[in-house]
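Read left to right, the sequence shown gives residues 3 to 323 (the working numbering). Using N, Cα and C, we set each Cβ at its ideal position, and we do this for glycine too.
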Amino acid sequence: MVLRALAPAIAPRQSARGESVLDGRATPFLPMPSSAATASPSLCCQAELRAVLRNERLQVAACRACGTLWGEHSKRPDGRPWDESYVPPEFAKVLRQRREIQAGTIAAQLQRSSVPTPILDYGTGQGVLLAELRRRGLDAYGCDLDLNARDSVAPRDRLLQVHEPWGMPREQAPSGAFRTLVMLDVLEHHHDPVAFLQAQRFEHVLLKLPNATGPAARLARFAAGRGRTGLLEQLFLVGENFPHRWLATRKGVRAIAKAAGYEVVREACVTEVGTELPTRMRGAGAGLLTRCALWGAGLGLGLVGPWWSDASVVLLRRRAQ
Ligand SMILES: [Zn+2]
3 MVLRALAPAI APRQSARGES VLDGRATPFL PMPSSAATAS PSLCCQAELR AVLRNERLQV
63 AACRACGTLW GEHSKRPDGR PWDESYVPPE FAKVLRQRRE IQAGTIAAQL QRSSVPTPIL
123 DYGTGQGVLL AELRRRGLDA YGCDLDLNAR DSVAPRDRLL QVHEPWGMPR EQAPSGAFRT
183 LVMLDVLEHH HDPVAFLQAQ RFEHVLLKLP NATGPAARLA RFAAGRGRTG LLEQLFLVGE
243 NFPHRWLATR KGVRAIAKAA GYEVVREACV TEVGTELPTR MRGAGAGLLT RCALWGAGLG
303 LGLVGPWWSD ASVVLLRRRA Q
């Protein structure tokens with residue numbers, strides 16, 4: 003049950019990540035091993051993959067070297083952008099509050115790290131981070147496929163249009179080319195993060211990613227090992243239009259960064275959920291006892307969140323060529 007709440011917590015924030023075209027391709031991104039022993043190059047370590055889950059909806063394999071989980075979905079997106087219109091208002095409200103807290107943390111990290119500006123917030127959605135960056139006086143812009151997110155707080159003069167899925171805006175900032183890229187809950191939707199990062203020319207990249215080692219992910223792995231695959235399917239957002247394609251370990255993120263020409267300069271957990279957990283449960287029973295238990299679980303998750311959570315924030319720096 004907990005997982006049903008945590009999975010939407012790591013869903014994309016808004017419409018940006020336009021897998022609608024890329025993911026519509028018929029070719030699977032990864033050759034799945036036909037047995038646990040079959041060698042297959044992965045996108046992280048060039049190591050063997052070990053099958054973790056294989057059913058008609060989802061196949062997941064783990065890299066033997068770093069533990070990163072690579073998923074392949076059988077459902078193809080229907081092309082509609084992701085939006086929050088289907089979530090209850092109360093859910094949207096607490097999710098927004100969590101994003102605001104995270105935006106403060108992430109903006110502070112960017113400031114402390116003195117990343118070069120201008121900053122581009124890719125898939126800015128409602129512009130929560132963009133607004134926070136501007137509040138701190140940082141030269142930042144946001145871009146998205148859909149610039150009319152519901153309840154947007156983005157400064158309109160700081161929004162740039164993305165014209166095709168995974169494309170970059172055609173404009174630069176008046177102050178010059180963008181030097182730092184920020185992607186919150188975006189890159190895990192790309193089937194080939196190495197290729198995407200390799201193609202960019204930013205000096206720094208900050209990523210917020212769901213990870214394979216948080217409490218929800220560990221519980222999901224444990225359950226999947228015992229034949230209960232629903233939790234892991236939730237984490238991969240099976241059936242949604244913009245599913246997750248991979249969940250990385252810290253070692254996996256470092257391997258992906260290295261393969262793409264970057265090095266990791268900072269990494270930290272970020273709290274994904276707290277006492278708002280009962281409200282984050284989509285379609286859960288609303289009995290008082292259940293809500294109390296979830297509140298307690300949320301309290302615990304919120305307390306350990308800075309050290310152990312289902313999301314990480316990683317800052318990458320491009321290696322000198
Ligand atoms: Zn690996």
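Proximity test, G254 beta-carbon vs ligand 1 heavy atom, cut-off 8 angstroms: One-based indexing of the sequence shown puts residue 254 at position 252. Yes, ligand 1 has a heavy atom inside 8 angstroms of this Cβ.
Runs of beta strand (DSSP E) lying entirely within the stretch 129–182, each at least 3 residues, in chain order: If only uninterrupted beta strand (DSSP E) runs of at least 3 residues are considered, those enclosed by the stretch 129–182 are 142–146 and 161–163.
A214 and A250 look like a contact to me (Cβ under 8 angstroms); what is the Cβ gap, rounded to whole Å? Counted from its first residue, the sequence shown places residue 214 at position 212. Counted from its first residue, the sequence shown places residue 250 at position 248. Confirmed, about 6 angstroms.
Would you decide whether A322 is buried or exposed? Buried here means 16 or more other CB atoms lie within 10 Å of its CB. The count along the sequence shown starts at 1 and reaches residue 322 at position 320. By the Cβ-count criterion, A322 is exposed, with fewer than 16 other Cβ atoms from all chains shown falling within 10 Å of its own Cβ.
Cα separation between C47 and H193? As a first step, residue 47 must be located in the sequence shown, where it is residue number 45. As a first step, residue 193 must be located in the sequence shown, where it is residue number 191. Cα to Cα, C47 sits roughly 15 angstroms from H193.
Tell me the DSSP secondary structure of R268 in three-state form. Stepping through the sequence shown from its first residue, residue 268 is reached at position 266. It is a strand residue.
Indicate the three-state DSSP secondary structure (helix, strand or coil) for C61 in the structure shown. Counting from one through the sequence shown, the residue named residue 61 turns up at place 59. It should be noted that the sequence gives Gln, not Cys, for residue 61. Q61: strand per DSSP, three-state reduction.
Hey, how far is the Cα of A197 from the Cα of L237? For the purposes of this step, residue 197 is taken as residue 195 along the sequence shown, with counting starting at 1. For the purposes of this step, residue 237 is taken as residue 235 along the sequence shown, with counting starting at 1. Taking C-alpha positions only, A197 is separated from L237 by approximately 23 angstroms.
Helix, strand or coil: which one does DSSP assign to P120? By 1-based counting over the sequence shown, the position of residue 120 is 118. Of the three classes helix, strand and coil, the one that applies to P120 here is coil, per DSSP.
Euclidean distance between Cα positions of P171 and C65: Taking the first residue of the sequence shown as 1, we reach residue 171 at position 169. Taking the first residue of the sequence shown as 1, we reach residue 65 at position 63. When the Cα atoms are used, P171 and C65 turn out to be separated by approximately 34 angstroms.
Label R101 either buried or exposed according to how many other C-beta atoms from any shown protein chain fall within 10 Å of its C-beta, with 16 as the threshold for buried. By 1-based counting over the sequence shown, the position of residue 101 is 99. Only buried fits R101, as 16 or more other CB atoms lie within 10 angstroms of its CB.
Considering only residues of the same chain and omitting the five flanking positions on each side of A109, which have a CB-CB separation below 6 angstroms? As a working mapping, residue 109 is identified with position 107 in the sequence shown. The answer, listed in chain order, is E134, L135 and R138.
Rounding to the nearest angstrom, what Cα-Cα distance links E235 and H246 in this structure? What you label residue 235 is simply residue 233 of the sequence shown in a count that begins at 1. What you label residue 246 is simply residue 244 of the sequence shown in a count that begins at 1. Taking the straight line joining both Cα atoms gives about 10 angstroms.
Can you give the Cα-Cα distance for G26 and L291, rounded to whole angstroms? As a first step, residue 26 must be located in the sequence shown, where it is residue number 24. As a first step, residue 291 must be located in the sequence shown, where it is residue number 289. Below a pLDDT of 50, predicted positions are generally treated as unreliable, and G26, at 32, falls in that range; the measurement from the model is reported next regardless. Using only the alpha carbons, I get a separation of about 43 angstroms.
What is the residue span of the beta strand (DSSP E) that R320 lies within? Stepping through the sequence shown from its first residue, residue 320 is reached at position 318. R320 -> beta strand (DSSP E) spans A313 to R320.
If you measure from the CB of S44, is any heavy atom of ligand 1 nearer than 8 angstroms? What you label residue 44 is simply residue 42 of the sequence shown in a count that begins at 1. Flag set: Cβ of S44 near ligand 1.
Using CA atoms only, rank isn't needed, just tell me which of D153, D123, S116 and R52 is closest to L97. Looking up residue 97 in the sequence shown gives position 95. Nearest C-alpha to L97: D153.
Rounding to the nearest angstrom, what Cα-Cα distance links R319 and R293 in this structure? Stepping through the sequence shown from its first residue, residue 319 is reached at position 317. Stepping through the sequence shown from its first residue, residue 293 is reached at position 291. Here the alpha carbon of R319 sits roughly 43 angstroms from the alpha carbon of R293.
Going by the DSSP bridge assignment, what does E74 pair with across the sheet? Here the question's residue 74 lines up with position 72 in the sequence shown. Residue pairing for E74: DSSP places it in a beta bridge opposite Q61.
Within the same chain, show all residues whose beta-carbon is closer than 8 angstroms to that of L60, passing over the 5 residues directly before and after it, in chain order. To locate residue 60, count along the sequence shown from 1; it is residue 58. Taken in chain order, the residues that qualify are G73, E74, H75, S76, T231, L234, E235, F238 and V240.
Below 8 angstroms, is the gap between the Cβ of A110 and the nearest heavy atom of ligand 2? This structure simply doesn't include ligand 2; it includes ligand 1 instead.
Residue span of the beta strand (DSSP E) that contains L51, given as start and end: By 1-based counting over the sequence shown, the position of residue 51 is 49. L51 to R56 is the extent of the beta strand (DSSP E) around L51.
Whole-angstrom Cβ separation of Y264 and V207, contact assumed at under 8 angstroms? Working through the sequence shown from its first residue, we reach residue 264 at position 262. Working through the sequence shown from its first residue, we reach residue 207 at position 205. Between V207 and Y264 the Cβ distance is about 7 angstroms, and since that is below 8 angstroms, they are a contact.
If you draw a straight line from the alpha carbon of G144 to that of R158, how long is it in whole angstroms? The sequence position of residue 144 within the sequence shown is 142, counting from 1. The sequence position of residue 158 within the sequence shown is 156, counting from 1. Rounded to the nearest angstrom, the two C-alpha atoms are 9 angstroms apart.
Is the separation between the beta-carbon of T70 and that of G216 shorter than 9 angstroms? As a first step, residue 70 is located in the sequence shown; it is residue number 68 there, counting from the start. As a first step, residue 216 is located in the sequence shown; it is residue number 214 there, counting from the start. It is not a contact, given that the beta carbons lie outside the stated cut-off.
Please confirm whether any heavy atom of ligand 1 lies closer than 8 angstroms to the CB of A219. Here residue 219 refers to the residue found at position 217 of the sequence shown. No; taking the cut-off as 8 angstroms, the Cβ of A219 has no heavy atom of ligand 1 nearer than that.
CB of A219 within 9 angstroms of CB of D312, strictly: If you number the sequence shown from 1, residue 219 lands on position 217. If you number the sequence shown from 1, residue 312 lands on position 310. With respect to the 9 angstroms criterion, A219 and D312 are classified as neighbours on the basis of their beta carbons.
Rank R252, P91 and L199 by C-alpha distance to the C-alpha of W310 and give the top, closest one. Counted from its first residue, the sequence shown places residue 310 at position 308. For W310, the nearest C-alpha among the options comes from R252.
Whole angstroms is fine: what's the gap from D123's alpha carbon to T182's? By one-based count along the sequence shown, residue 123 stands at place 121. By one-based count along the sequence shown, residue 182 stands at place 180. Approximately 9 angstroms between the Cα atoms of the pair.
For T215, is the beta carbon positioned less than 8 angstroms from some heavy atom of ligand 1? Start at 1 with the first residue of the sequence shown, and residue 215 comes out as number 213. T215 Cβ: outside cutoff for every heavy atom of ligand 1.
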